[in-house]
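Chemist: What follows is a structure written as structure tokens; I'll ask about it next.
Residue numbers (my numbering), protein chains in the order written: chain A, 1 to 107; chain B, 1001 to 1107.
Here it is, written out as structure tokens:
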């Protein structure tokens, strides 16, 4: 068999895109995504409220997450958090080029 | 609630350890691990033969994986592969300090 190698830092999306997601692995229980955020903020008043646990790491750049209740979590390169399902959160702000790796755990 | 932030590059294992694994997230369907490999090779003749799909990325350093049949896969920073369950493989060699992120998908 031939094993396919891809690189997280190639084939980045156009600069015009403020947030872009690429699926790297997916089955019924888990999805692994690369997310490229360019000076991205979630829309005002928008909260993610997900059915999945999400484990997420900042691979390049920096970002600040906001959690319901006002807690701000500043993340730099290598920082990772687990966001349990239904914990409401939003992206307050990212750097001009932030690359995340997110693992969404469905069950 | 308080969200806990950890960093992938802190609390690295002692230099005496040639391979060290740390669980970052685990439930019944998935396990996310940091693996630190210091000039590591799998023992001669040893093959991983796993019940899980494994998605793995080299976050720091370089490494070469060997697959049954002789295929060698050289991986540098940012390179990622999916190793389907029961595809036999071993670590041929890593750099003096290679940091992997591995997602093991159990179902």
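C-beta atoms are modelled at their ideal positions from N, C-alpha and C, and glycine is treated no differently.
On a predicted model such as this, the values are computed, not experimentally measured, just so you know.
Indicate the three-state DSSP secondary structure (helix, strand or coil) for residue 5 (chain A) in the structure shown.
Modeler: Residue 5 (chain A) falls in the coil class under three-state DSSP.
Chemist: So, does the CB of residue 100 (chain A) fall closer than 7 Å to a CB anywhere in chain B?
Modeler: Residue 100 (chain A) does not count as touching chain B.
Chemist: Going straight from the alpha carbon of residue 54 (chain A) to that of residue 1097 (chain B), what length do you get?
Modeler: Roughly 28 Å separates the two Cα atoms.
Chemist: So if DSSP puts residue 1091 (chain B) in a beta bridge, which residue, or which two residues, is it bridged to?
Modeler: According to DSSP, which records beta bridges pairwise, residue 1091 (chain B) is partnered with B:1065.
Chemist: How would you label residue 75 (chain A), buried or exposed, when you count the other beta carbons within 10 angstroms and need 16 or more for buried?
Modeler: By the 10 Å Cβ count, residue 75 (chain A) comes out buried.
Chemist: Find out if the Cβ-Cβ distance for the pair residue 1008 (chain B), residue 78 (chain A) is shorter than 7 Å.
Modeler: In contact: residue 1008 (chain B) and residue 78 (chain A) (Cβ atoms closer than 7 Å).
Chemist: Where DSSP assigns a beta bridge to residue 1037 (chain B), which residues make up the other side?
Modeler: Looking at the DSSP assignment, residue 1037 (chain B) forms a beta bridge with B:1019 and B:1098.
Chemist: Compute the Euclidean distance between the alpha carbons of residue 100 (chain A) and residue 88 (chain A), then round it to the nearest angstrom.
Modeler: Whole-angstrom Cα-Cα distance: 18 Å.
Chemist: With a threshold of 16 other CB atoms inside 10 Å of the CB of residue 1004 (chain B), please say whether the residue is buried or exposed.
Modeler: Burial call: exposed.
Chemist: Quick one: using the 10 Å Cβ neighbour count with 16 as the cut-off for buried, is residue 86 (chain A) buried or exposed?
Modeler: By the neighbour-count rule (16 or more Cβ atoms within 10 Å), residue 86 (chain A) is not buried but exposed.
Chemist: Whose C-alpha, out of A:19, A:81 and A:29, is nearest the C-alpha of residue 66 (chain A)?
Modeler: Ranking A:19, A:81 and A:29 by Cα distance to residue 66 (chain A) puts A:81 first.
Chemist: Can residue 1103 (chain B) and residue 32 (chain A) be called in contact, C-beta distance under 7 Å?
Modeler: Yes.
Chemist: With a CB to CB cut of under 8 Å and the five nearest residues on each side skipped, what residues in its chain are close to residue 1029 (chain B)?
Modeler: Around residue 1029 (chain B): 1105, 1106 and 1107.
Chemist: Please report the straight-line C-alpha distance between residue 1052 (chain B) and residue 94 (chain A), rounded to a whole angstrom.
Modeler: Going by the C-alpha atoms only, they are around 34 Å apart.
Chemist: Using a Cβ-Cβ distance cut-off of 7 Å, determine whether residue 56 (chain A) contacts chain B.
Modeler: Not one chain B Cβ lies under 7 Å of residue 56 (chain A).
Chemist: Report, in whole angstroms, the separation of the C-beta atoms of residue 1091 (chain B) and residue 1042 (chain B), which I expect to be a contact under 8 Å.
Modeler: That pair is a contact at about 5 Å.
Chemist: Closer than 6 Å by C-beta to residue 59 (chain A): which residues in its own chain qualify, once you throw out the five before and the five after it? Chain order, please.
Modeler: So the qualifying residues of the chain are 99 and 101.
Chemist: How about residue 1072 (chain B): is its C-beta nearer than 7 Å to some C-beta of chain A?
Modeler: Closer than 7 Å: no.
Chemist: Any beta carbon from chain B within less than 7 Å of residue 7 (chain A)'s own beta carbon?
Modeler: Taking Cβ atoms only, chain B reaches closer than 7 Å to residue 7 (chain A), which makes this a yes.
Chemist: Could you list which residues in chain B have their beta carbon closer than 9 Å to that of residue 36 (chain A), in chain order?
Modeler: The contacting residues do not exist; residue 36 (chain A) stays about 13 Å from chain B at best.
Chemist: Between which two residues does the beta strand (DSSP E) harbouring residue 1074 (chain B) extend?
Modeler: Start and end: 1072 to 1075.
Chemist: At what residues does the beta strand (DSSP E) containing residue 1082 (chain B) begin and finish?
Modeler: Here the beta strand (DSSP E) through residue 1082 (chain B) covers 1079 to 1083.
Chemist: Going by beta-carbon coordinates alone, are residue 18 (chain A) and residue 48 (chain A) separated by less than 7 Å?
Modeler: For residue 18 (chain A) and residue 48 (chain A), no; Cβs fall outside 7 Å.
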